[in-house]
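Only one structure is covered here, and it is reproduced in the block below.
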Amino acid sequence: MSRLRDTVLPPAATFVLTTAAAELGIRAAHISPLLLPTPSAVARAAVAHAPTLLPALATTAKAVAIGLSLSIAVGLVVAIALSTSRFVERAFYPYAIFFQIVPIVAIAPLLVIWFGYGIRAVVAAAFIVSVFPVIANALAGLLSVDPALRDLFRLYGASGFARLVKLSLPWALPSVLVGLRIAAGLAVIGAIVGEFVGGGGLGVVVLEAMRQQRTDLVFAAVLHAAGLGLALFAAVNVASHFALRRWHSQEDET
Amino acid sequence: MKRMGARIGLALAVSLGLGCGDTRKEQASNPPAAAQPLESVRIALNWKAEPEFGGLFEAQRAGEFAKRGLALEITGGPGAPVVQMVEAGQVEFGFAAADEVVVARDRGSDVVAVFATYQTNPQGIMVHASRGLASLRDLFAAGGTLEVEPGLAYVKHLEKEFDLSKMKIVPYGYSIAPFLADPQMAQQVFVTAEPIAAKRQGADPQVFLIAETGFDPYAAVVIATGAQVRDHAERVSKVVAALRAGWRGYLDDPGPANAVMSTLNQEMDAETFRLAADAQKPLIEDDFAREHGIGAMSQQRWATLAGQLRALAIVDKEPDPGACWTEVRAID
């Protein structure tokens, strides 16, 4: 009970207070609904346009799920490959940073030319923006293995594969999960940008609503995207709770 | 190339660099009759400097604004949220489409059209002539990919009038490259822009005007807030007069203003400027404009548009067409 109070009450209180303040502030200042809609107008738009928003959310969620899964798979493999030797890391890591700095908005139109319209271009955009945090954090974890433990494995003649599976990966798990938390939010952003050019999902709802000057619907769609990001973040947190409680005692306390 | 879309992530208000430097020059060459300071007037474009704004640039070049005691500043650009900028008072005037005016008013905004550049809407669908299509109906029966900006009012109109189920509708990417690459591709255009560019890149484009399907809102409409129209009627009249004079000059000889615009929009070559200026003439100066003046509007056209937007459920309330526009007497 007290745990619920400690975890749910603070964010709920923040939500109620900021929403109420925004509602009152926007009304008091007589701001045009075209410029900034009240929270209640956004809520009404969300309800009225639910038949549009919910299928769009499902479309976006699917692209995010595929893109993020690709990021995890590719990111882990790349991180493991980079961690095998200093030489490989020096040779390739600078190029992995490319994914971090690529301006997704600028290359998004190219994705359509490379992958065609539709979900493939959207998945590609989600992947491109979310793979680097997975690589960077997994690599940091893999490289931080306690040298004493590494020596111990070597002393017992453990194979490289056994060292990877029984030592490096479990050791790196907390870092990998940190990378996932970052990647989850970025994948949603990447997917929305991908949808601006590739079509489908919440991205197109945002464009339509902008064009039709339904600012309240723009906000409602953005909130759906934010909800998707939050849900993924929560899923990663739950996963890390279960994955880490065996090895990392501090995880039990958070 | 088109349209005034919400291009998120891109610079929202691209200044075209026509600041006070140019206006000062204008003052020097065309001193106002009295030695009083010029009144500053800002006008936001919703696209790059192209012939659709030819009359504005010609008016500026020829000193039509300075002559009337106005110091013109041109701002905005592709993706600029012009209606919001006008509504928020960041600019006094802006360019929008007539349907945007009706929709903005429905959403609680107070913008009013004071000048309509295009009597016939220049928006259309461009296809490859090699497909041998005779009409939009043919296109929609044949299928293929259609690139349009999501949420365009006329797309809703087409969806109502025709069966679009065979079309794969994708967002317009502000480039004719996909069109050039795919012979089955169709895309939204301004008849004065993309078709000319496509032809110059070796394609054989064919355009079907949306206006021919009965949906024909005024385009490149100059808007202002209702409050400004009431409280600064004289300023509005002067701006309309300057625009009208500028358009007269541009229609007669687009060369000088095209030279100005081509320094601001270097993606478009001189020949394309010339061809586009030529192609748009009949859309701007038709019999109605000849009789009532360039930029004039009619209640009947606004009423038709309001009824169509209501029928398409793009507006939530019954629009008042008379409130969407105002007849401005041009003052010289």
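Respectively, the protein sequence lines represent chains X and P.
Each residue of the first sequence is one higher than the last, beginning at 1 in this note's numbering.
Each residue of the second sequence is one higher than the last, beginning at 1 in this note's numbering.
In this text, a Cβ means the ideal position worked out from N, Cα and C, and glycines have one as well.
Pair within 8 Å by beta-carbon distance, residue 184(P) and residue 125(P): Not in contact: residue 184(P) and residue 125(P) (Cβ atoms no closer than 8 Å).
Near the ligand COA: residue 132(P) beta-carbon under 7 Å from a heavy atom: The ligand COA is absent from the structure shown, which contains no ligands of any kind.
8 Å Cβ cutoff, residue 235(X) in contact with chain P: no
Amino acids of chain P, ordered along the chain, whose beta-carbon sits closer than 7 Å to that of residue 208(X): 150 and 151
Three-state secondary structure assigned by DSSP to residue 125(P): Here DSSP, grouped into helix, strand and coil, assigns residue 125(P) to strand.
Whole-angstrom distance between residue 244(P) and residue 293(P), CA atom to CA atom: 8 Å
Closer than 8 Å to chain X by CB, residue 255(P): Not closer than 8 Å to any Cβ of chain X, the Cβ of residue 255(P) fails to qualify, so no.
Three-pair Cβ contact test at 8 Å for the segment 39-49 of chain P versus the segment 71-81 of chain P: yes
Cβ neighbours of residue 7(X) in the same chain (closer than 8 Å, five flanking residues each side left out): none
Same chain, Cβ closer than 7 Å to residue 102(X), five either side skipped, listed in chain order: 128
Local conformation of residue 42(P) per DSSP, three classes: strand
Per-residue burial, residue 176(P) [other beta carbons within 10 Å of its own, 16 or more giving buried]: buried
Assigned exposure category for residue 313(P) - 16 Cβ within 10 Å defines buried: exposed
Reference residue 86(X), options 119(X), 139(X), 50(X) and 54(X), closest by Cα: 139(X)
Nearest residue (CA-CA) to residue 192(P), options 167(P), 219(P) and 81(P): For residue 192(P), the nearest C-alpha among the options comes from 219(P).
Residue 110(P) versus 105(X), 56(X), 31(X) and 45(X), residue with shortest Cα-Cα distance: 31(X)
Alpha helix (DSSP H) runs contained entirely in the segment 121-173 of chain P, provided each spans 4 or more residues: With a minimum length of 4 residues, the unbroken runs of alpha helix (DSSP H) contained wholly in the segment 121-173 of chain P fall at 136-142 and 153-161.
Candidates 54(P), 39(P) and 36(P): closest to residue 260(P) by CA position: 54(P)
Same chain, Cβ closer than 7 Å to residue 316(P), five either side skipped, listed in chain order: 106
Beta-carbon contacts of residue 321(P) that lie in its chain and below 6 Å, excluding the five residues immediately before and after: 302, 303 and 306
Neighbour list for residue 108(P) in chain X, Cβ cutoff strictly below 7 Å: 32, 33 and 34
Terminal residues of the beta strand (DSSP E) in which residue 147(X) lies: Residue 147(X) -> not in any beta strand (DSSP E); alpha helix (DSSP H) instead, spanning 147-155.
Run of the beta strand (DSSP E) containing residue 96(P), from where it starts to where it stops: Start and end: 93-96.
Residue 214(X) vs residue 45(X) beta-carbon contact at 8 Å: yes
Collapsed DSSP secondary structure at residue 98(X) in the structure displayed: helix
Within chain X, partners of residue 176(P) - CB distance below 9 Å: What residue 176(P) touches in chain X: nothing, since even the nearest Cβ is about 12 Å away.
Chain X residues whose Cβ lies nearer than 8 Å to that of residue 125(P): Residues of chain X with a Cβ closer than 8 Å to the Cβ of residue 125(P) do not exist; the shortest Cβ-Cβ separation is about 17 Å.
Residue 11(X), buried or exposed, once every other Cβ within 10 Å from all chains shown has been counted against 16: exposed
Supposed contact pair residue 71(X) and residue 187(X) - C-beta distance, whole angstroms, cut 8 Å: 7 Å
Extent of the continuous alpha helix (DSSP H) run through residue 105(X): 104-115 is the span of the alpha helix (DSSP H), which, as asked, contains residue 105(X).
N- and C-terminal bounds of the beta strand (DSSP E) containing residue 75(P): 70-76
Touch test, the segment 127-146 of chain P against the segment 203-212 of chain P, Cβ-Cβ under 8 Å, three pairs minimum: yes
4-residue-minimum alpha helix (DSSP H) runs that sit fully inside the segment 166-214 of chain P, ordered along the chain: 177-181 and 194-200
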